[in-house]
Structures are given as C-alpha cells and as structure tokens.
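*Asks:* Take a look at this one; I'll ask things after.
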Amino acid sequence: MAATTRLISRLAVVTGGGSGIGRAVCQRLASEGATVVVADLNEDSANQTLRILTHDLKGQDHMAAAVDVSSKESVEKLVTSIQCRYFQPPSVCVNAAGITQDDFLLKMEEADFDKVIRVNLKGSFLFTQAVSKALVACGAPKGSIITVGSIVGKVGNIGQANYSASKAGVEGLTRTAAKELSRFGIRCNCVLPGFISTPMTDKVPEKVISKITSMVPLGRMGDPAEVADVCAFLASDDSRYITGVSIEVTGGLFIG
Ligand code: NAP
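Right, here's the structure in full:
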C-alpha cells in the first residue's frame with residue numbers, strides 16, 4: 229500500500245509494463261496518483277496490467293499501448309500518440325523493457341549479442357531521447373527518466389556478456405543524459421536490481437537461484453514491488469536533488 233499520493237497529476241510511461249518489474253512499477257505509480265501509459269511489445273500483457281491499475285485517484289486515465297523500444301519509428305509513434313491523447317508529454321518515463329539471450333562468450337552468436345543491445349541499450353536511448361525531446365519542445369518544467377539497469381552491468385555475470393554490456397551501457401547513457409538534460413529540469417537515474425522474482429528469472433535453473441540466494445546478505449530474491457518503490461521515489465519530487473545516479477536494489481548482493 230502506497231504511503232503517499234505524491235504523483236497526483238503526473239503522466240508516466242513505463243516500457244516493459246506488461247510484465248515483472250515494469251508491471252509492478254505501473255501499479256506503484258498509479259497507486260501514488262499518476263496516470264500511467266503501460267507500454268509493451270505484447271499489447272495483451274500491457275492490457276492485463278491496465279486492468280489491475282488503481283483508477284480511483286483524481287483525474288487518472290491510464291492507457292495501454294504496443295511499442296517496440298528497439299524501433300525509432302515505434303517509439304516516436306507512441307510518444308506522439310501520448311501527446312495527442314493527453315495534450316502533454318509524459319513527465320515520468322521508466323525504461324523497464326529488457327531481454328536476455330544468454331550463452332557463454334565463446335559460443336555467443338553475433339545476432340544474440342546485437343538483439344540484446346538493440347532492446348536494452350538502444351531501446352533505452354530511443355525512449356529517453358523521444359521523451360526528453362518532447363519535454364524540451366513543450367517547455368515542461370520538469371521530468372524524471374528512470375532506466376532499469378542491473379547489478380550485472382557492474383560486476384558481470386557468466387553467460388551474460390551481451391546483457392551485462394547492455395546494462396553497463398545504460399548507466400553511461402544515463403549519466404550523460406543527466407549532464408545534458410539537467411538544464412531543462414529533466415533528471416535521469418538508474419535503478420540496478422539484483423535478482424528479482426519475475427518471468428525473466430523464472431528461466432534460471434533452481435540450482436543457480438539457490439546458489440545466488442545464498443550469496444544475498446538479505447537471504448532471498450527481491451520482489452518486483454521492491455524495485456518499483458525505488459522507481460516511485462525517483463519519479464517523485466522527494467528525489468528532486470538526485471540526478472545521474474544508480475541505486476542498487478540487490479538485498480546487499482555484491483556490496484562494495
Ligand atoms: P520480464 O518479466 O521479462 O519483463 C520484460 C518486459 O519487457 C516483457 O513484458 C517484455 O515483453 C518486454 N519487452 C521485451 N522486448 C521489448 C521491446 N522490444 N519493446 C517493448 N517491450 C519489450 O522481465 P523483468 O525481470 O521484469 O525485467 C524488467 C527489467 O528489469 C529489464 O530491463 C531487466 O533487464 C531488468 N532486470 C531484471 C532483473 C531480474 O532479476 N528480474 C534484474 C536486473 C535487471 P515480452 O514478454 O512480450 O517479451
């Protein structure tokens with residue numbers, strides 16, 4: 229249960245909103261009063277999220293939309309359609325869409341490397357650029373762009389050369405965007421989850437999960453809502469003096 233209504237009258241877009249962390253972020257932002265655009269590759273899952281959002285706070289008018297974050301055309305089409313419907317661009321943007329295509333470095337196909345970079349890194353770039361262009365063009369006083377990276381971008385992970393490179397990339401992208409966009413009132417930050425129970429980690433073998441869990445000081449996998457809590461903080465004015473940072477949500481995994 230959200231403690232505040234600090235996001236009332238904010239318009240937010242969440243990519244990857246049809247599943248896992250993105251869905252939890254949509255729920256949390258809506259519960260704090262934001263109007264949420266649930267954006268996902270899979271329109272059905274975006275609609276499933278839409279159906280579970282809180283609608284009872286002032287002026288909330290959520291929508292679901294299909295988007296492929298790796299396509300500039302698709303991203304620009306969505307941002308334009310949001311502006312047509314709400315007469316403003318979203319002032320909160322959460323880049324949560326992401327994929328894995330794991331294999332050992334010695335075996336990894338070039339296509340699998342490219343695919344993960346295209347969705348996780350280029351997708352975050354395209355969305356950040358499209359939303360911030362729209363905010364700057366309309367003279368919006370403030371914006372908050374949050375990108376879901378991963379602790380793996382800092383420490384690496386066996387079998388995830390493509391994924392860890394993409395997640396290290398979004399931190400560099402975010403720090404640069406923070407420097408360039410702060411003069412327009414737009415803050416850019418990353419959230420770095422550790423191991424969170426979602427459909428993405430459902431693919432990881434049980435043996436590996438119990439090994440990881442044994443390394444987590446807090447002794448368990450994280451819940452998507454625990455990542456969403458931090459996204460809501462970064463979306464809100466409670467974090468108004470924070471930009472260009474990465475906040476780890478890992479239960480203490482890889483401290484230091
Ligand atoms: P998830 O449940 O698989 O959700 C990812 C969502 O992104 C899915 O709905 C997926 O749609 C969507 N998506 C994939 N490609 C897309 C594209 N091209 N355009 C738009 N949407 C697309 O995974 P999750 O665990 O919640 O992950 C969310 C984010 O957290 C990702 O960026 C992930 O890298 C990051 N993360 C997760 C963990 C973890 O432990 N779970 C840890 C660190 C970071 P489809 O289902 O249709 O593919």
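Our numbering numbers the first residue of the sequence shown as 229 and each following residue consecutively. All residues carry an ideal CB built from backbone N, CA and C; glycine is no exception.
Under the assumption that L462 contacts G422 (Cβ atoms under 8 Å), give the Cβ distance between them as a whole number of angstroms.
*Replies:* Working through the sequence shown from its first residue, we reach residue 462 at position 234. Working through the sequence shown from its first residue, we reach residue 422 at position 194. Actually they do not touch by this definition, with Cβ atoms about 17 Å apart.
*Asks:* For a quick check, are the C-beta atoms of G381 and F332 less than 9 Å apart?
*Replies:* As a working note, residue 381 is residue 153 in the sequence shown. As a working note, residue 332 is residue 104 in the sequence shown. Result no, Cβ atoms of G381 and F332 do not sit closer than 9 Å.
*Asks:* Does the Cβ of P452 have 16 or more other Cβ atoms within 10 Å, making it buried, or fewer, making it exposed?
*Replies:* By 1-based counting over the sequence shown, the position of residue 452 is 224. Buried, since its Cβ has 16 or more Cβ neighbours within 10 Å.
*Asks:* Got a sec, what are the start and stop residues for the beta strand (DSSP E) L401 sits in?
*Replies:* Taking the sequence shown and counting its residues from 1, the one referred to as residue 401 is at position 173. Note, L401: premise wrong, no beta strand (DSSP E); alpha helix (DSSP H) at 389 to 409.
*Asks:* Rounded to whole angstroms, how far is the Cβ of I414 from the Cβ of G371, which I believe are closer than 8 Å?
*Replies:* Translated into the one-based positions of the sequence shown, residue 414 becomes position 186. Translated into the one-based positions of the sequence shown, residue 371 becomes position 143. About 4 Å separates the two Cβ atoms, so the contact holds.
*Asks:* Provide the residue(s) that pair with T426 in DSSP beta bridges, ordered along the chain.
*Replies:* Position 198 of the sequence shown, counting from 1, holds the residue named residue 426. DSSP, once it has assigned bridges, lists no residue as partnering T426.
*Asks:* Measuring only the C-alpha atoms, how far is N390 from V359?
*Replies:* On the sequence shown, residue 390 is found 162 positions in, with the first residue counted as 1. On the sequence shown, residue 359 is found 131 positions in, with the first residue counted as 1. Between N390 and V359, the C-alpha separation is close to 26 Å.
*Asks:* What are the boundary residues of the beta strand (DSSP E) that includes V322?
*Replies:* Counting from 1 along the sequence shown, the entry for residue 322 is found at position 94. Run containing V322: 320 to 323, per the beta strand (DSSP E) assignment.
*Asks:* Whose C-alpha, out of Y314, I280, C321, is nearest the C-alpha of G351?
*Replies:* Sequence index remark: in the sequence shown, residue 351 carries index 123 (1-based). The option with the nearest alpha carbon to G351 is C321.
*Asks:* Ends of the beta strand (DSSP E) at L239?
*Replies:* Locating residue 239 in the sequence shown gives position 11, where the first residue counts as 1. Per DSSP, L239 belongs to the beta strand (DSSP E) from 239 to 243.
*Asks:* On the criterion of 16 or more Cβ atoms from any shown chain inside 10 Å, does N348 qualify as buried, or is it exposed?
*Replies:* Here residue 348 corresponds to residue number 120 of the sequence shown, with the count starting at 1. That one is buried.
*Asks:* Could you tell me the alpha carbon to alpha carbon distance between M229 and S259, rounded to whole angstroms?
*Replies:* On the sequence shown, position 1 is the one that residue 229 refers to. On the sequence shown, position 31 is the one that residue 259 refers to. Low confidence applies to M229: its pLDDT is 48, below 50, so where it sits in the model is not reliable, and the reading given next is rough at best. So the alpha carbons of these two residues sit roughly 8 Å apart.
*Asks:* Just to confirm, is the Cβ distance from R238 to T263 under 9 Å?
*Replies:* Counted from its first residue, the sequence shown places residue 238 at position 10. Counted from its first residue, the sequence shown places residue 263 at position 35. In this structure, T263 lies closer than 9 Å to R238 by Cβ.
*Asks:* How about G384: is its Cβ closer than 8 Å to a heavy atom in ligand 1?
*Replies:* Here residue 384 is taken as the residue at index 156 of the sequence shown, counted from 1. Because no heavy atom of ligand 1 lies under 8 Å away, the Cβ of G384 does not count as near it: no.
*Asks:* Please list, in chain order, all residues of the same chain as R429 whose beta carbon is under 8 Å from its beta carbon, the five residues on each side excluded.
*Replies:* The sequence position of residue 429 within the sequence shown is 201, counting from 1. In the sequence on display, residue 429 carries Thr and not Arg. For T429, where only same-chain residues beyond five positions count, the Cβ hits under 8 Å are F423, I437, M449.
*Asks:* Tell me whether F423 counts as near ligand 1, meaning its Cβ is closer than 8 Å to at least one heavy atom of that ligand.
*Replies:* As a working mapping, residue 423 is identified with position 195 in the sequence shown. Under cutoff, so the answer is yes.
*Asks:* Using 9 Å as the threshold, is the C-beta distance between A324 and A293 below it?
*Replies:* One-based indexing of the sequence shown puts residue 324 at position 96. One-based indexing of the sequence shown puts residue 293 at position 65. No, the pair does not count as a contact, with Cβ atoms beyond the cut-off.
*Asks:* Just to confirm my understanding: we take D284, look at its own chain, exclude 5 residues before and 5 after, and list those with CB closer than 7 Å. What are they?
*Replies:* As a position in the sequence shown, residue 284 is number 56, starting the count at 1. Hits under 7 Å: none found.
*Asks:* Check C459 in the structure and name its three-state DSSP category.
*Replies:* Within the sequence shown, numbered from 1, the residue matching residue 459 stands at position 231. Note: C459 maps to helix in three-state DSSP.
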